[in-house]
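What follows is a short report on a single structure.
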Amino acid sequence: MEALKGIRVIDAANVIAGPYCASILSEFGADVIKVEQPGKGDNFRSMGPRSKDGKSIRWPSMGRNKRCVTLDFHKPEAKEIFLDLVRESDVVIENFRTGTFEKWGLGYEELKKANPQIIVTHVTGYGQTGPNKELSGFGGPLTGFAGVTYTQGYPDKPPVSPSFSLADYVAGLNAAIGTLLALYYRDAESGEGQEIDVSLYEGLFRMQDSLIADYDINGKVRERKARMDGASVPGGKFLTKDQKWVMLACSTNNAFKYLTQAMERPDLYEKYPDMADRFANEAFIMQETAQWFSSHDYREVMEKCNANKVALGPIYSIADIWEDPQYQARHNLVEFDSPDFGKVHIASVCPILSKTPGTIKWIGQPVGSFNQEVYQDLLGYDDEKLKALQENGVI
Numbered sequence: 001m002e003a004l005k006g007i008r009v010i011d012a013a014n015v016i017a018g019p020y021c022a023s024i025l026s027e028f029g030a031d032v033i034k035v036e037q038p039g040k041g042d043n044f045r046s047m048g049p050r051s052k053d054g055k056s057i058r059w060p061s062m063g064r065n066k067r068c069v070t071l072d073f074h075k076p077e078a079k080e081i082f083l084d085l086v087r088e089s090d091v092v093i094e095n096f097r098t099g100t101f102e103k104w105g106l107g108y109e110e111l112k113k114a115n116p117q118i119i120v121t122h123v124t125g126y127g128q129t130g131p132n133k134e135l136s137g138f139g140g141p142l143t144g145f146a147g148v149t150y151t152q153g154y155p156d157k158p159p160v161s162p163s164f165s166l167a168d169y170v171a172g173l174n175a176a177i178g179t180l181l182a183l184y185y186r187d188a189e190s191g192e193g194q195e196i197d198v199s200l201y202e203g204l205f206r207m208q209d210s211l212i213a214d215y216d217i218n219g220k221v222r223e224r225k226a227r228m229d230g231a232s233v234p235g236g237k238f239l240t241k242d243q244k245w246v247m248l249a250c251s252t253n254n255a256f257k258y259l260t261q262a263m264e265r266p267d268l269y270e271k272y273p274d275m276a277d278r279f280a281n282e283a284f285i286m287q288e289t290a291q292w293f294s295s296h297d298y299r300e301v302m303e304k305c306n307a308n309k310v311a312l313g314p315i316y317s318i319a320d321i322w323e324d325p326q327y328q329a330r331h332n333l334v335e336f337d338s339p340d341f342g343k344v345h346i347a348s349v350c351p352i353l354s355k356t357p358g359t360i361k362w363i364g365q366p367v368g369s370f371n372q373e374v375y376q377d378l379l380g381y382d383d384e385k386l387k388a389l390q391e392n393g394v395i
């Protein structure tokens, strides 16, 4: 049983945020038709990193479960073809710059004429309104705009950006949530479609409750700090004797008690039982904690902390993840045959549902590999029409 069986989604988006939303929906049964530019396809197909023979290695995962078709929106014939797809679909996901779909005659009002129940999910840098709505939007700049980058790093160094496109993936999650809510409202309540407006920056901004409150109530602008300001004492990154990094969270009094038990330092808990006491003596407590970690090997640290219910975790590289039994037990990496790379592994489905679990049926396929199946079997185009569209560069 698939939770979204019978739902058809047009993924007319590009690169990460919109396509990631479509990937999530595809895992739970939605039939996702990936619409791409003829020839080159989605720009994500050409983005690094690359294999030894120069091919982008990112597409197999992002293209999971998608039926890839081509359509050049700049051609006059494209509008009616896209509307034909809309008539057979439930959702359109697009992330062109605000106003682009309208310029092509494919704005929401036009799509609604073709299919009154259609749901249109817009994913852009700044959203569909406001003075920045028509500006180009990519994850890195929007992470800075959201206030995240400013607070990351050390106080005497430049701001540090996340090592991956966090803004895009968060926006993709929000777009998936919004799309599911709209489907529920349509199918359980109203029978009507609607528009969903997702920006890259707002999802990150929404996550920073304490940053907002600290400025609003205390007038404090949070600056960069070596570790997360206001989280816990002790806490953060520590280095073991054998040069392994670990991450500690100690945000309650009981958590600190457990840590001092693992460290065999009950005197620390007796002297600093409350968080306020620990913040007042932060430098000393952090120093004592760091000294304990640096005096023990990683394995011993983990054994002692796990035995005493300490919230401690390893700081893993991807090589560490590959060998970890927790990842293996939950099948977090799954293997597929790729037409370009042979055997490849991609991240498995998340979340795990007991009654309607998600599945990965296939990984990213070549550009236009489902043209015949979609345009002929779904839309009913005959051989002659399909050939003409191909010869004219429309598909």
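Number 263 in my numbering belongs to position 263 of the sequence shown; there are no gaps in the numbering.
For glycine and all other residues, C-beta sits at the position ideal for the given N, C-alpha and C.
Option in the options with minimal Cα separation from residue i
| i | options | result |
| --- | --- | --- |
| R64 | V91, V374 and A347 | A347 |
| W104 | N95, H74, V86 and G358 | H74 |
| A231 | L211, L239 and V221 | L211 |
| N95 | E323, T179, A12 and Q194 | A12 |
| V367 | V9, V349 and N43 | N43 |
| F164 | F138, V35 and T151 | F138 |
| P351 | I10, S23 and N218 | S23 |
| Y150 | M207, N281 and R222 | R222 |
| W59 | K271, R87, E88 and N14 | N14 |
| M47 | A319, N254, D324 and S56 | S56 |
| R50 | S369, M1 and D340 | D340 |
| S89 | K40, K34, L181 and P38 | K34 |
| E373 | G130, T70, A213 and A388 | T70 |
| P38 | R87, E303, F205 and D72 | D72 |
| K237 | K271, L312 and N218 | L312 |
| R330 | G342, S317 and L353 | L353 |
| M275 | E264, N254, P266 and Q390 | N254 |
| K157 | L142, R224 and S61 | R224 |
| K40 | D216, C68 and G380 | C68 |
| A290 | P357, F101, Y154 and M247 | M247 |
| K304 | L379, E264, P141 and P159 | E264 |
| I318 | N332, F370 and V310 | N332 |
| L379 | R87, G153, P273 and A283 | R87 |
Same chain, Cβ closer than 6 Å to residue i, neighbours up to 5 away in sequence not counted
| i | result |
| --- | --- |
| M286 | P234 |
| C250 | S232, P234, G235, F256 and L259 |
| D168 | I16, A17 and G139 |
| E77 | V394 |
| A30 | L4, I7 and V9 |
| N392 | none |
| L142 | G125, A167, L200 and Y201 |
| F205 | A146 |
Beta bridge counterpart(s) of residue i as assigned by DSSP
| i | result |
| --- | --- |
| R8 | D31 |
| F293 | Answer is none; F293 lacks a bridge partner. |
| S23 | DSSP output for S23 lists no bridge partner at all. |
| H331 | In the DSSP output, where bridge partners are listed per residue, H331 has none listed. |
| L204 | Note: L204 sits in no beta bridge, so no partner. |
| K343 | D337 |
| V198 | V123 |
| A311 | A249 |
| E36 | T70 |
| R50 | S56 |
Own chain residues within Cβ distance below 8 Å of residue i, not counting five before or after
| i | result |
| --- | --- |
| N308 | Y258, L259, Q261 and A262 |
| G127 | T98, K133, D197, V198, S199 and E202 |
| I360 | E27, R64, N65, V334, F336, I346, S348 and V349 |
| Q376 | D382, D383 and L386 |
Cβ shell of residue i (< 7 Å), same chain only, five flanking positions each side left out
| i | result |
| --- | --- |
| L106 | K79 and F82 |
| I321 | Y327 |
| S136 | R97 and G125 |
| E195 | Y108, V120 and H122 |
| T179 | C21, L25, V91, I119, T121 and I196 |
| D229 | Note that D229 scores 49 on pLDDT, short of 50, meaning its location in the model is unreliable and no value can be drawn from it. |
| K355 | M1 |
At what residue ranges does the stretch 232-265 contain a whole run of the beta strand (DSSP E), taking only runs of 3 or more? 236-239 and 245-249
Check whether the stretch 170-189 touches the stretch 104-114, taking contact to mean three or more Cβ pairs, one atom from each stretch, closer than 8 Å. no
Which complete alpha helix (DSSP H) runs does the stretch 54-123 hold, if anything under 4 residues is left out? 59-62, 78-87, 100-103 and 108-114
Below 8 Å, can you find three or more Cβ-Cβ pairs linking the stretch 16-23 to the stretch 175-182? yes
Take every Cβ of the stretch 294-308, pair it with every Cβ of the stretch 237-253, and state whether three or more of those distances are shorter than 8 Å. yes
So within the stretch 125-188, which uninterrupted alpha helix (DSSP H) runs reach at least 4 residues, ignoring any that extend past its ends? 139-145 and 166-184
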